[in-house]
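In my numbering, the protein residues as written are 582 to 768.
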């Protein structure tokens, strides 16, 4: 298995949460009541899995290998991905802050909550598409077999750490919980 296949598999789990988050933001924007904790749980998934597990593998393993072995074209793509990771972190913090305000009874937090959730979803959908369609094929083509092996070993090391902490099961369960919470609601 290629390292990029592992990362693409993780994208599919992230997209499930993006679907749930998009549905929840839509419900709130139409005036429906949804527990603010939904958005806090989504932010926990994003920070813990999308950023903590997935982006950790990209930034600390794949991007490092690409920066060290390929030309300036790949370097520019990696820089763009890193900038988008930073923007995603900002949007997640902003969504979490708005959800906390709403949970405390501040109804004016609905607009920034929805706006930040929708911006995060749009950013990550576009980001995932760029990685799946541009960055990962570039990595598969440009990384030497030796570099590919190093990337896989680095990802496997991180995955062992994640498994020891129970992260895979925890985040899969959280994704299912978020999906089920919005699925049962009708507009």
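Glycine included, every Cβ here is placed at the ideal spot set by N, Cα and C.
With contact defined as three or more Cβ pairs closer than 8 angstroms, the segment 734 to 741 and the segment 598 to 612 are not in contact. In the structure shown, residue 635 falls within a helical segment according to DSSP collapsed to helix, strand and coil. Residue 614 carries a coil assignment under DSSP once its states are collapsed to helix, strand and coil.
Cβ contact annotation for residue 614 (same chain, cutoff 7 angstroms, sequence separation greater than five): none.
The three-state secondary structure of residue 725, taken from DSSP, is coil. Bounds of any alpha helix (DSSP H) do not take in residue 642, whose DSSP letter is neither H nor E. Judged by DSSP secondary structure, residue 711 falls within the alpha helix (DSSP H) whose first and last residues are 691 to 711. Shown here for residue 646: same chain residues with a beta carbon closer than 7 angstroms to its own, the five before and five after excluded, namely 724, 728, 731, 732 in chain order. CA-to-CA, the gap between residue 631 and residue 670 works out to about 10 angstroms.
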